[in-house]
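J.: In the numbering used here, the protein residues as written are 5 to 145.
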Amino acid sequence: MTPGGGDSAYMVADNPPIPPEALPPGWGETELGEGTFAYRYTRPPLELIADRTTADHCHPGLGLGQCWELRYRYPLGDRSVSEEIGRVSTRRAAVDGILECMRRVHEAVESLDDPMEIRRVLDRVSLSDHVPDEPSEPTDI
Numbered sequence: 005m006t007p008g009g010g011d012s013a014y015m016v017a018d019n020p021p022i023p024p025e026a027l028p029p030g031w032g033e034t035e036l037g038e039g040t041f042a043y044r045y046t047r048p049p050l051e052l053i054a055d056r057t058t059a060d061h062c063h064p065g066l067g068l069g070q071c072w073e074l075r076y077r078y079p080l081g082d083r084s085v086s087e088e089i090g091r092v093s094t095r096r097a098a099v100d101g102i103l104e105c106m107r108r109v110h111e112a113v114e115s116l117d118d119p120m121e122i123r124r125v126l127d128r129v130s131l132s133d134h135v136p137d138e139p140s141e142p143t144d145i
């Protein structure tokens, strides 16, 4: 596929994955690189991040060479907290997932006062091409 395509491992650094005109109000791009992109919301302060990860961070049974991890980051006192939203198998699914997270936050912004409310909103986002968590080891009972 060509650079910027749905499954491309490469991304043109000056080609934003989500055009500015497609962003919900209050969102802006904060980081754009070959294997990462991020967007920030001002109120409540929140950042959505998509990072391309290596195979060892993906479900081994799926045979993926890489996947995209979606996270959100928010300030808590004098530190920054980052939590995982989920993993997807393609860049296109990462873009779609981040955009859907933005829309959900924008729709619920008036009721988002604390990190637990943000978590509940983001937990309801359905990710396409979702990569399941690694299965846990069976335990003897």
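No residue lacks a Cβ here, since even glycine has one placed at the ideal position from N, Cα and C.
With DSSP run on the structure shown, which of helix, strand or coil describes Pro119?
T.: Three-state DSSP puts Pro119 in a helix.
J.: Which runs of the beta strand (DSSP E), 3 residues or longer, sit entirely within the segment 33-101?
T.: Listed in chain order, they are 40-45, 50-58, 70-80, 83-92.
J.: Please state whether the Cβ-Cβ distance between Ser132 and Asp82 is less than 8 angstroms.
T.: Not a contact, by the Cβ cut-off of 8 angstroms.
J.: My understanding is that Ile102 touches Leu52, with C-beta atoms under 8 angstroms, so please give their C-beta distance in whole angstroms.
T.: Right, the Cβ-Cβ distance comes to about 5 angstroms (below 8 angstroms), so this counts as a contact.
J.: Is the separation between the beta-carbon of Tyr43 and that of Gly32 shorter than 8 angstroms?
T.: The answer is yes: Cβ separation under 8 angstroms.
J.: Do you know how far the Cα of Arg107 is from the Cα of Pro48?
T.: Approximately 14 angstroms between the Cα atoms of the pair.
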